[in-house]
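Undergrad: Structure incoming, see below.
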Amino acid sequence: MPEDIPGEVLVMGAGTIGCFIGGSLAAAGVPVTFVGRPRVLDKLATHGLTLTDIDGNKLKLPAARLQLSEQVPPGAQPALVLLCVKSGATAEAAAELAFALPAGTTVVSLQNGISNCAAASLAGPSLNVRAGMVPYNVAEIGQGAFHRGTPGRLAAEDDAALRPWLDVFARAGVPLDLHADLVPVQWGKLMLNLNNPVNALSGLPLRDELMQRGYRRCFASLIEEALSILNVAGITPAQVAAVPAHRLPGLLRLPDWLFRIVAARMLRVDAKARSSMADDLALGRRTEIDSLSGEVVRLAQEHGLSAPRNARMVALLEAWPQSPRRWTARQLQDALGL
Ligand SMILES: NC(=O)c1ccc[n+]([C@@H]2O[C@H](COP(=O)([O-])OP(=O)(O)OC[C@H]3O[C@@H](n4cnc5c(N)ncnc54)[C@H](OP(=O)(O)O)[C@@H]3O)[C@@H](O)[C@H]2O)c1
Numbered sequence: 013m014p015e016d017i018p019g020e021v022l023v024m025g026a027g028t029i030g031c032f033i034g035g036s037l038a039a040a041g042v043p044v045t046f047v048g049r050p051r052v053l054d055k056l057a058t059h060g061l062t063l064t065d066i067d068g069n070k071l072k073l074p075a076a077r078l079q080l081s082e083q084v085p086p087g088a089q090p091a092l093v094l095l096c097v098k099s100g101a102t103a104e105a106a107a108e109l110a111f112a113l114p115a116g117t118t119v120v121s122l123q124n125g126i127s128n129c130a131a132a133s134l135a136g137p138s139l140n141v142r143a144g145m146v147p148y149n150v151a152e153i154g155q156g157a158f159h160r161g162t163p164g165r166l167a168a169e170d171d172a173a174l175r176p177w178l179d180v181f182a183r184a185g186v187p188l189d190l191h192a193d194l195v196p197v198q199w200g201k202l203m204l205n206l207n208n209p210v211n212a213l214s215g216l217p218l219r220d221e222l223m224q225r226g227y228r229r230c231f232a233s234l235i236e237e238a239l240s241i242l243n244v245a246g247i248t249p250a251q252v253a254a255v256p257a258h259r260l261p262g263l264l265r266l267p268d269w270l271f272r273i274v275a276a277r278m279l280r281v282d283a284k285a286r287s288s289m290a291d292d293l294a295l296g297r298r299t300e301i302d303s304l305s306g307e308v309v310r311l312a313q314e315h316g317l318s319a320p321r322n323a324r325m326v327a328l329l330e331a332w333p334q335s336p337r338r339w340t341a342r343q344l345q346d347a348l349g350l
C-alpha cells in the first residue's frame, strides 16, 4: 500500500455507487473490500470491474485484484467505510457494521436524501457516521461495468478522519470536498433528485425526459414547492449543479428550443442515463421516494405546512407496483394540478 494511503476501505453495499467509487479507489492502490450481494459479486468475480466516465476515462480492474465478501469480514479494521446501500437498507447495514467493526470506525454515507446519516448513527451508535453526497449519476452498463454519466465532486461532512483521504480521492479521480455543514449541500442535491420520480414515471432516458417541457414543468413545480418550505425552515440549498436551485424552475420552464441552448451543461448527460429510481421500478424494488419527496413532505409538516405536489409524487411512486404504467408529460402535469 502506498505510504500516503491512510488505511483500508470497506464498501458496504457494492452496487452502482459502491463499485464506481470503491473501484476508483482500488485502481489508485487503496485496499478495498466490497461487501455486497451474490448477484453483483458473482459478476465482479467473473468479469472484474470496468469503470468509464463522461470525460472518456476508462479503468479496468481484473477480478483477481478485487476483495469481495458477502458479509463484513470478521476482524476487519477499515480506516474508512463507504455506506452505499439504498436508504431502505441503511439501518440493517449500519447495524451489521457496528456489530463487526471497532467502535469509532468512520463511515461516510454516500447516499441521497437527508436522514441516512442519522438513521445509520441510530442503528450503529458505536460508529463515527458522517453524511456524504454524490453529485453525479452512475449506471451499470454491462457485466461489472459502471459508467459515470455526469460531472461533479463528492462532498462530505468535515471530520479529522476524512482529511488524510482528500489527496487519495483526488488521485483516484473521485475528488472529495469537506464541508462544516453538509445539510445545505444535501438539500441542494435533493432539489436535483426531485426529477428522479418524474424520470422514473416517464419511463424515458434522462435526456429524453428533460427535453420535454411538460416533464420539466413537473420537476420545476416540485423544486418550487420544496424551496418555499426550505425558505420557511431557514435552509438555503447549496448550488450542486451548474445553476443555483432558485434559478432552476425558471430555466426548466423555458420552451424546448431555448432550454436546449441555455441548459447545454445540464443536458451533458449520456443518451442512455436513467435515474436509479427508474431501475428500481423496473426491477420491482422499493424506491427511495420517501427519502426525496418524502423529506420535503416531512419538513413541511414540521413547520405546520403542506407539500401537496411532493406528497402526490410519493403516492404515485408507492402505487406504481399495483398498476405499472408510463406517464406522459400531460398525464403527470394533470396529476400535479399543473
Ligand atoms: N446510482 C446513482 O447514480 C446515484 C447517484 C448519487 C447517489 N446515489 C445514492 O447512492 C445510494 C446507493 O445507490 P446505488 O444506485 O448504488 O444502489 P444499488 O445499485 O442498489 O447498490 C446497493 C447495493 O447494496 C446491496 N445491499 C443492501 N444491503 C446490503 C447489506 N446489508 N450488505 C451488503 N449489501 C447490501 C444491495 O443489494 P439488494 O438491493 O439486493 O439488497 C445493492 O446491490 C442511494 O442512496 C442512491 O440514492 C446513487
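Our numbering puts the first residue of the sequence shown at 13, with every later residue one more than the last. Ideal placement from N, C-alpha and C gives every residue a C-beta, glycine not left out. Nothing here was measured: the structure is a model prediction, and the numbers come from that model.
(1) For the candidate residues A257, L295, S214, D292, whose alpha-carbon lies nearest to that of M278?
(2) Would you identify the three-state DSSP class for G87, choosing helix, strand or coil?
(3) Indicate the three-state DSSP secondary structure (helix, strand or coil) for R265 in the structure shown.
(4) Please go through the same chain and pick out, in chain order, the residues whose beta-carbon is closer than 7 Å to the beta-carbon of M325, but skip the five residues on each side of it.
(5) Can you grab the Cα-Cα spacing for the pair A253 / S121, in whole Å?
(6) For a test of your reading of the model: does the CB of T117 fall under 7 Å from any non-hydrogen atom of ligand 1? Yes or no.
(7) Would you be able to state if there are at least three C-beta pairs under 8 Å between the region 45-53 and the region 80-89?
(8) So, does the region 197-207 touch the region 170-187, judging by three or more C-beta pairs under 8 Å?
(9) Cβ of A143 within 8 Å of Cβ of A107?
(10) Looking only at C-alpha atoms, which of A167, Y148, L139, V308 sits nearest to F158?
(11) Can you tell which of M145, L92, V244 has the C-alpha that lies nearest to the C-alpha of P18?
(12) Since P196 contacts A250 with CB under 8 Å, what's their CB separation in whole angstroms?
(13) Do P74 and G60 have their C-beta atoms closer together than 8 Å?
(14) So is R160 buried or exposed if we call it buried at 16+ other beta carbons inside 10 Å?
(15) How many Å lie between D268 and A238 at the Cα?
(16) Quick one: measure Cβ to Cβ for F181 and L166, integer angstroms, because I've assumed they're closer than 8 Å.
TA: The relevant details are as follows:
(1) A257
(2) coil
(3) coil
(4) P209, L234, I301, S305
(5) 20 Å
(6) no
(7) yes
(8) no
(9) no
(10) Y148
(11) L92
(12) 4 Å
(13) yes
(14) buried
(15) 24 Å
(16) 7 Å
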